[in-house]
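Chains U and A are the protein sequences, given in the same order. In the working numbering, each number is its position in the first sequence, counted from 1, plus 3. In the working numbering, each number is its position in the second sequence, counted from 1, plus 150.
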Amino acid sequence: DVKVTQSSRYLVKRTGEKVFLECVQDMDHENMFWYRQDPGLGLRLIYFSYDVKMKEKGDIPEGYSVSREKKERFSLILESASTNQTSMYLCASSFPYRNYGYTFGSGTRLTVV
Amino acid sequence: AQSVTQLDSQVPVFEEAPVELRCNYSSSVSVYLFWYVQYPNQGLQLLLKYLSGSTLVKGINGFEAEFNKSQTSFHLRKPSVHISDTAEYFCAVSWAGGTSYGKLTFGQGTILTVHP
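Right, dumping it as structure tokens:
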């Protein structure tokens with residue numbers, strides 16, 4: 004069964020900490036995405052990667068960075084966590100074809116205290 | 151910019167009643183259309199997609215959706231819902247052109263709550 008695996012389901016971090024959220028896919032997908040999901044705001048794209056070491060900013064990149072050193076792994080980094088980054092974070096991957104759609108991970112619920 | 155609008159943020163229904171979740175998108179140029187479902191504390195799963203051909207698309211769990219090009223809509227329907235259909239539903243669109251890399255634009259989501 005094809006999978007997108009996010010390393011943590013629940014995470015609690017302190018304000019100011021550097022936080023790493025990891026995502027691994029086993030489908031040889033070129034594209035990988037990080038979204039955050041908040042009630043009433045839907046899914047908002049943080050960053051997108053279309054190849055190893057390639058990345059594009061999404062709609063809300065401020066306060067985040069990403070790393071893609073290997074095709075299967077896409078990491079989201081919160082440089083200095085703040086309480087307004089408390090959210091559900093979803094990773095997704097896909098082939099670069101319009102008709103393919105995404106495969107999502109189960110999500111990481113991050114709480115910053 | 152292209153946009154996707156889900157007209158209802160919340161839809162409450164009783165069990166065994168029919169339901170329609172509405173989705174409109176901003177442009178009638180070549181599109182591929184998707185519906186995803188998210189159960190509580192889970193990621194999103196693909197329900198169905200429209201690529202071409204018949205405008206009525208059938209998906210998993212008894213859901214279906216109809217592509218209407220003239221109205222730029224892709225509404226999701228189920229003739230008889232179950233408690234287990236309680237979830238959030240997202241419409242998504244992939245547009246032709248540009249360096250889209252197959253990116254999807256998502257609607258804001260509709261929370262379907264099925265009451266006994």
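All residues carry an ideal CB built from backbone N, CA and C; glycine is no exception.
Helix or strand or just coil, what does DSSP make of GLY45 (chain U)?
Correct three-state label for GLY45 (chain U): strand.
Taking C-beta to C-beta, are GLY257 (chain A) and SER244 (chain A) nearer than 9 Å?
no
Please go through the same chain and pick out, in chain order, the residues whose beta-carbon is closer than 8 Å to the beta-carbon of GLU170 (chain A), but skip the five residues on each side of it.
HIS225, LEU226, ARG227
Let me see if you follow: with CB-CB separation under 9 Å, is GLY193 (chain A) close to chain U or not?
yes
Taking the beta carbon of VAL116 (chain U) as the centre, do at least 16 other beta carbons fall within 10 Å, making it buried, or is it exposed?
exposed
Determine the DSSP secondary structure at THR275 (chain A), reduced to helix, strand or coil.
Lying outside 151 to 266, the shown extent of chain A, residue 275 (chain A) is not represented and no answer is given.
Rounded separation between SER109 (chain U) and THR8 (chain U) - CA only:
7 Å
Spatial neighbours of ARG76 (chain U) in its chain, beta-carbon cut-off 6 Å, leaving aside the 5 residues before and after:
VAL27
Quick one: what's got a C-beta closer than 6 Å to MET35 (chain U)'s C-beta in the same chain, skipping five residues either side?
SER52, PHE77, SER96
If we cut at 9 Å on Cβ distances, does ALA95 (chain U) have a partner in chain A?
yes
Can you grab the Cα-Cα spacing for the pair GLN88 (chain U) / SER204 (chain A), in whole Å?
43 Å
Straight-line CA distance for TYR186 (chain A) to ALA242 (chain A)?
8 Å
Does THR69 (chain U) have its Cβ less than 9 Å from a Cβ in chain A?
The question names Thr, but residue 69 (chain U) in the sequence shown is Val. So no, VAL69 (chain U) is outside the interface.
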